[in-house]
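Numbering (my numbering), first residue to last: 47 to 180.
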């Protein structure tokens, strides 16, 4: 009879010792300041708050506002809702899904892939989004 509690204890211990750790969450990327390189190799500066993302390209002096909707912990959809560029306004209403595929460093950046089919968004199909200091 003493062997049953010992076996039960060993099974629990094995679960903790050999079990996979929980994935690192992407919560630190849901708000803040970021930057990435677009498909033209311009640096795009990003500010995220709640459900809004503002992107500024200081090289072309274009500002774009997007709605961001988190689909799960590490995937989100961005939808363009406004731009001060007449040509980019054609992309209003267009959206793309972005997946965070790898967290770099101590949440200093992340690698992403996306279904970036809309040329108005000008994101690469994959890249790195860097977290900027506030």
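All C-beta atoms, glycine included, are put in the ideal place defined by N, C-alpha and C.
If I'm right that residue i touches residue j with Cβ under 8 angstroms, what's the distance once you round it to whole angstroms?
i	j	result
residue 156	residue 149	5 angstroms
residue 130	residue 98	The pair is not a contact, with the Cβ atoms about 16 angstroms apart (cut-off 8 angstroms).
residue 81	residue 178	6 angstroms
residue 116	residue 122	5 angstroms
DSSP state of residue i, grouped into three classes?
i	result
residue 81	strand
How big is the Cα-Cα spacing for residue i and residue j?
i	j	result
residue 93	residue 101	7 angstroms
residue 136	residue 106	17 angstroms
residue 153	residue 161	23 angstroms
residue 91	residue 79	7 angstroms
residue 39	residue 151	Here the chain covers residues 47 to 180 and nothing more, so residue 39 does not appear.
residue 124	residue 180	22 angstroms
residue 133	residue 126	13 angstroms
Of the residues the options, which one's Cα is nearest the Cα of residue i?
i	options	result
residue 114	71, 154, 171, 75	75
residue 139	78, 180, 112	112
residue 173	146, 152, 179, 151	146
residue 104	121, 118, 88, 117	88
Item to complete: Could you name each continuous beta strand (DSSP E) segment of 3 residues or more that falls completely within the segment 102 to 161, going from the start of the chain to the end?
Response: Every unbroken stretch of the beta strand (DSSP E) spanning 3 or more residues and falling wholly within the segment 102 to 161 is given here in chain order: 108 to 118, 121 to 129, 141 to 150, 155 to 160.
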